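Enquirer: Have a look at this one before I ask anything.
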Amino acid sequence: MSKVLIIGAGGVGRVVAHKCAALGDVFSDICLASRTQEKADQIASELTRPIQTARLDADKVEDTVSLIRSFSPRMVIHVALPYQDLAIMEACLQTGVDYLDTANYEPPDQARFEYSWQWAYRERFLQAGKMALLGSGFDPGVTNVFCAYAQKHLFDEIHQVDILDCNAGDHGYPFATNFNPEINIREVTARGRYWEQGEWKETDPLSESRVFDFPDVGDRRAYLMYHEELESLCLHLKGLRRIRFWMTFGDAYLTHLRVLENIGMTGIEPVEYNGQSIVPLQFLKAVLPDPASLGPRTQGKTCIGCLMDGIKDGQPKRVFIYNVSDHQSCYREVNAQAVSYTTGVPAMIGAKQMLTGQWHKPGVFNMEELDPDPFMKDLNEFGLPWRVQELACDGPSPLRS
Ligand code: NDP
Numbered sequence: 140m141s142k143v144l145i146i147g148a149g150g151v152g153r154v155v156a157h158k159c160a161a162l163g164d165v166f167s168d169i170c171l172a173s174r175t176q177e178k179a180d181q182i183a184s185e186l187t188r189p190i191q192t193a194r195l196d197a198d199k200v201e202d203t204v205s206l207i208r209s210f211s212p213r214m215v216i217h218v219a220l221p222y223q224d225l226a227i228m229e230a231c232l233q234t235g236v237d238y239l240d241t242a243n244y245e246p247p248d249q250a251r252f253e254y255s256w257q258w259a260y261r262e263r264f265l266q267a268g269k270m271a272l273l274g275s276g277f278d279p280g281v282t283n284v285f286c287a288y289a290q291k292h293l294f295d296e297i298h299q300v301d302i303l304d305c306n307a308g309d310h311g312y313p314f315a316t317n318f319n320p321e322i323n324i325r326e327v328t329a330r331g332r333y334w335e336q337g338e339w340k341e342t343d344p345l346s347e348s349r350v351f352d353f354p355d356v357g358d359r360r361a362y363l364m365y366h367e368e369l370e371s372l373c374l375h376l377k378g379l380r381r382i383r384f385w386m387t388f389g390d391a392y393l394t395h396l397r398v399l400e401n402i403g404m405t406g407i408e409p410v411e412y413n414g415q416s417i418v419p420l421q422f423l424k425a426v427l428p429d430p431a432s433l434g435p436r437t438q439g440k441t442c443i444g445c446l447m448d449g450i451k452d453g454q455p456k457r458v459f460i461y462n463v464s465d466h467q468s469c470y471r472e473v474n475a476q477a478v479s480y481t482t483g484v485p486a487m488i489g490a491k492q493m494l495t496g497q498w499h500k501p502g503v504f505n506m507e508e509l510d511p512d513p514f515m516k517d518l519n520e521f522g523l524p525w526r527v528q529e530l531a532c533d534g535p536s537p538l539r540s
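Residue numbers (our numbering): 140 to 540.
Set out below in structure tokens:
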């Protein structure tokens, strides 16, 4: 029986709260805390059993510390924003509780997408006998576990990984983002980067693309981007030669994004307006549809997976391990679209592994450093079934120009 504190009542927080509430034998008591308490209250009102809610500004370490002291959870599931990662890790260390998140720490004034700040906490978590699990969403998260599973069961050596993220959902708006617009746009407008033969290679933003035949979706064009799981996976996969990340975007999304970028609306440097300092990207977030409101209107599927090439028993081998989720099925189950669902379910599953002791060990870890088997089993059980597709390795690459 374990108490858990969930921080963040956005799209992902809603899914985590629904999924934890449905699993009373693991998550005995739940507190959902967020900057705007009304949002936490709204989510609480949708659940089948009562949970506590609280108002919390998690940028303030002392406020998180006092909430943890009064609720006394075993762990914190942090699904607010990446800006709060370090403050919440600090609060967990001060109170002696475990920590889990779904996105790497981001300094508010620079888009960096790197783990260095959080990896710097390894020694302190180790000394405290507490665990921090980083990136327990879908990508990062399930994609890391897919790689660990492939390394353990499907390959002797994995040589190439292409992580492919397709959202073929349609929400009917000319332009909206499926998760926090500020984080999403920072990610998409950054320079592309991938790892090859021990070196990082850079590309201009969205300048490289390939078409892939996504199962249950069909052909979609995916664009090369940097994504944070590349940083840990290139360290942990044996024999790896190259790892890249690709995400699909429709033409309308890209056209809007280009215009917004060209006119300066995606900038993160503050500008002065009528005596006020305004960050253009934060203002843009305020006028775009709230991702949480997309749930009822989004139709279609997501397909996210890892295309891997390597060697098994001396023979070349190529597989695609993936999950397909349907926006409307997710909405019917937890009032959220598939992008929030595919992030929130792995956050719950990661927390379950930690609380039940399957994954508990002191230190700071990325997902591929832990045994993939119990997590893969739970993906099938709790709403994210996965499949392994064997592909021919003698023909042309399944990633077409
Ligand atoms: P939302 O913007 O929908 O929700 C964020 C929530 O955090 C909001 O309720 C917000 O409060 C709250 N919040 C923001 N700042 C604070 C603060 N200082 N203290 C307390 N609460 C705060 O985001 P999502 O739910 O879409 O995403 C949540 C996280 O999941 C993000 O870190 C995102 O990067 C990550 N993510 C990870 C993915 C993966 O696959 N690994 C995929 C998608 C998202 P308010 O309502 O007041 O604004």
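All C-beta atoms in this analysis are idealised placements derived from N, C-alpha and C, irrespective of residue type, glycine included.
The model shown is predicted, which means the values in this text are computed figures rather than measured ones.
If you compare alpha carbons, which of 141, 323, 347 and 381 is closest to residue 164?
Expert: Working through the sequence shown from its first residue, we reach residue 164 at position 25. Checking every option, the nearest Cα to that of residue 164 belongs to 141.
Enquirer: Out of 291, 382, 462 and 371, point me to the one whose CA is closest to residue 331's CA.
Expert: As a first step, residue 331 is located in the sequence shown; it is residue number 192 there, counting from the start. If we check each option's Cα against that of residue 331, 382 comes out closest.
Enquirer: How would you label residue 185, buried or exposed, when you count the other beta carbons within 10 angstroms and need 16 or more for buried?
Expert: Within the sequence shown, numbered from 1, the residue matching residue 185 stands at position 46. By the 10 Å Cβ count, residue 185 comes out exposed.
Enquirer: With distances taken Cα to Cα, identify the nearest neighbour of residue 182 among 240, 159, 202 and 540.
Expert: As a working mapping, residue 182 is identified with position 43 in the sequence shown. Nearest option by C-alpha distance: 159.
Enquirer: Over the uninterrupted beta strand (DSSP E) stretch that includes residue 145, give me the two end residues.
Expert: Mapped onto the sequence shown, residue 145 falls at position 6. From DSSP, the beta strand (DSSP E) with residue 145 extends over 141–146.
Enquirer: Closest to residue 361 by CA distance: which of 178, 370 and 444 is it?
Expert: If you number the sequence shown from 1, residue 361 lands on position 222. Comparing Cα positions, the closest option is 444.
Enquirer: Under the DSSP definition of a beta bridge, which residues are partnered with residue 539?
Expert: Counting from 1 along the sequence shown, the entry for residue 539 is found at position 400. For residue 539, which the question treats as bridged, DSSP gives the partners 350.
Enquirer: What's the gap between the Cα of residue 489 and the Cα of residue 171?
Expert: Residue mapping note: residue 489 aligns to position 350 of the sequence shown, counting from 1. Residue mapping note: residue 171 aligns to position 32 of the sequence shown, counting from 1. Taking the straight line from one Cα to the other gives about 17 Å.
Enquirer: Taking the runs of the beta strand (DSSP E) that are 3 residues or longer, which of them lie wholly in the stretch 231–303?
Expert: If we require 3 residues or more, the beta strand (DSSP E) runs fully inside the stretch 231–303 come out as 237–240 and 270–273.
Enquirer: Using the three-state DSSP reduction, which class does residue 366 fall into: helix, strand or coil?
Expert: Taking the sequence shown and counting its residues from 1, the one referred to as residue 366 is at position 227. Note: residue 366 maps to coil in three-state DSSP.
Enquirer: Does the Cβ-Cβ distance between residue 491 and residue 517 come in under 8 Å?
Expert: What you label residue 491 is simply residue 352 of the sequence shown in a count that begins at 1. What you label residue 517 is simply residue 378 of the sequence shown in a count that begins at 1. Yes, Cβ-Cβ distance for residue 491 and residue 517 is below 8 Å.
Enquirer: With hydrogens ignored, establish whether the beta-carbon of residue 216 is closer than 7 Å to any heavy atom of the ligand NDP.
Expert: For the purposes of this step, residue 216 is identified with residue 77 of the sequence shown, where counting begins at 1. Answer for residue 216: no, Cβ out of range of the ligand NDP.
Enquirer: If we call anything under 8 Å between Cβ atoms a contact, is residue 260 one with residue 271?
Expert: Mapped onto the sequence shown, residue 260 falls at position 121. Mapped onto the sequence shown, residue 271 falls at position 132. Cβ atoms of residue 260 and residue 271: closer than 8 Å.
Enquirer: Going by beta-carbon coordinates alone, are residue 434 and residue 475 separated by less than 8 Å?
Expert: Stepping through the sequence shown from its first residue, residue 434 is reached at position 295. Stepping through the sequence shown from its first residue, residue 475 is reached at position 336. Yes. Within cutoff.
Enquirer: Thinking just about the alpha-carbon of each residue, which of 281, 420, 484 and 352 is nearest to the one in residue 400?
Expert: On the sequence shown, position 261 is the one that residue 400 refers to. Nearest C-alpha to residue 400: 420.
Enquirer: Residue 306 to residue 241, Cα distance in whole Å?
Expert: Position 167 of the sequence shown, counted from the start, is the residue given in the question as residue 306. Position 102 of the sequence shown, counted from the start, is the residue given in the question as residue 241. Roughly 18 Å separates the two Cα atoms.
Enquirer: If distances are taken between C-alpha atoms only, which option among 521, 193 and 459 comes closest to residue 529?
Expert: As a working note, residue 529 is residue 390 in the sequence shown. When each option's Cα is compared against that of residue 529, the closest is 459.
Enquirer: Cβ-heavy atom distance between residue 318 and the ligand NDP below 7 Å?
Expert: Looking up residue 318 in the sequence shown gives position 179. Yes, the Cβ of residue 318 comes within 7 Å of a heavy atom of the ligand NDP.
Enquirer: Quick check on the burial criterion: 16 or more other C-beta atoms within 10 angstroms. Buried or exposed for residue 422?
Expert: In the sequence shown, residue 422 corresponds to position 283, counting from 1. When all chains shown are included, residue 422 counts as exposed.
Enquirer: Does the structure place the stretch 144–163 close enough to the stretch 463–483 that three or more beta carbon pairs sit under 8 Å?
Expert: Because the criterion of three Cβ pairs below 8 Å is met, the stretch 463–483 and the stretch 144–163 touch.
Enquirer: Determine the direct distance from the alpha carbon of residue 363 to that of residue 273, and round the result to whole angstroms.
Expert: The residue you call residue 273 lines up with position 134 of the sequence shown. The residue you call residue 363 lines up with position 224 of the sequence shown. Each residue's Cα considered, the two are about 23 Å apart.
Enquirer: Quick one: grab the DSSP three-state call for residue 430.
Expert: As a working mapping, residue 430 is identified with position 291 in the sequence shown. In the structure shown, residue 430 sits in a helix (DSSP, three-state: H, G or I).
Enquirer: Can you tell me whether residue 207 sits near the ligand NDP, meaning its C-beta is under 7 Å from at least one heavy atom of the ligand?
Expert: Translated into the one-based positions of the sequence shown, residue 207 becomes position 68. Checking every heavy atom of the ligand NDP against the Cβ of residue 207, none is found closer than 7 Å.
Enquirer: When the Cα of residue 263 is compared with those of 235, 191 and 374, which residue comes out closest?
Expert: Here residue 263 is taken as the residue at index 124 of the sequence shown, counted from 1. Per the Cα distances, 235.
Enquirer: Just to confirm before moving on: does the CB-CB distance between residue 506 and residue 143 stay below 8 Å?
Expert: On the sequence shown, residue 506 is found 367 positions in, with the first residue counted as 1. On the sequence shown, residue 143 is found 4 positions in, with the first residue counted as 1. Against a cut-off of 8 Å, the Cβ pair of residue 143 and residue 506 comes out as no contact.
Enquirer: Apart from the five residues on each side of it in sequence, which residues of its chain come closer than 7 Å, Cβ to Cβ, to residue 268?
Expert: Taking the sequence shown and counting its residues from 1, the one referred to as residue 268 is at position 129. 501.
Enquirer: Any idea which residues DSSP pairs residue 498 with across the strands?
Expert: Counted from its first residue, the sequence shown places residue 498 at position 359. Answer is none; residue 498 lacks a bridge partner.
Enquirer: For the putative contact between residue 297 and residue 289, defined by C-beta atoms under 8 Å, what is the C-beta separation to the nearest angstrom?
Expert: Locating residue 297 in the sequence shown gives position 158, counting from the first residue. Locating residue 289 in the sequence shown gives position 150, counting from the first residue. Right, the Cβ-Cβ distance comes to about 6 Å (below 8 Å), so this counts as a contact.
Enquirer: So, for residue 195: in the same chain, excluding its five sequence neighbours on each side, which residues have a beta-carbon less than 8 Å away from its beta-carbon?
Expert: As a position in the sequence shown, residue 195 is number 56, starting the count at 1. The answer, listed in chain order, is 146, 172, 173, 174, 202, 203 and 206.
Enquirer: Nearest to residue 515 by alpha carbon, out of 447, 291 and 211?
Expert: Here residue 515 refers to the residue found at position 376 when the sequence shown is read from its first residue. Of the candidates 447, 291 and 211, the one whose C-alpha sits nearest the C-alpha of residue 515 is 291.
Enquirer: Can you tell me which residues form a DSSP beta bridge with residue 446?
Expert: Sequence index remark: in the sequence shown, residue 446 carries index 307 (1-based). For residue 446, which the question treats as bridged, DSSP gives the partners 301 and 459.
Enquirer: Figure out for me which residue from 251, 250, 256 and 252 has the closest Cα to the Cα of residue 227.
Expert: Position 88 of the sequence shown, counted from the first residue, corresponds to residue 227. The candidate whose alpha carbon is nearest that of residue 227 is 256.
Enquirer: Enumerate, from N- to C-terminal direction, the unbroken beta strand (DSSP E) stretches of 3 or more residues contained entirely within the stretch 158–200.
Expert: Those beta strand (DSSP E) runs which fall completely within the stretch 158–200 and span 3+ residues are 166–173 and 191–194.
Enquirer: Assuming residue 430 and residue 418 are in contact, meaning their beta carbons sit under 8 Å apart, how far apart are those beta carbons, in whole angstroms?
Expert: Here the question's residue 430 lines up with position 291 in the sequence shown. Here the question's residue 418 lines up with position 279 in the sequence shown. Not really, about 19 Å apart at Cβ, beyond 8 Å.
Enquirer: How is the beta strand (DSSP E) around residue 341 delimited, first residue to last?
Expert: Here residue 341 refers to the residue found at position 202 of the sequence shown. It spans 338–342 - the beta strand (DSSP E) in which residue 341 sits, taken as one unbroken run.
Enquirer: Among residues of its own chain, excluding the 5 on either side of residue 373, which ones have a beta-carbon nearer than 7 Å to its beta-carbon?
Expert: To locate residue 373, count along the sequence shown from 1; it is residue 234. Closer than 7 Å at Cβ, skipping near neighbours: 334, 379 and 382.
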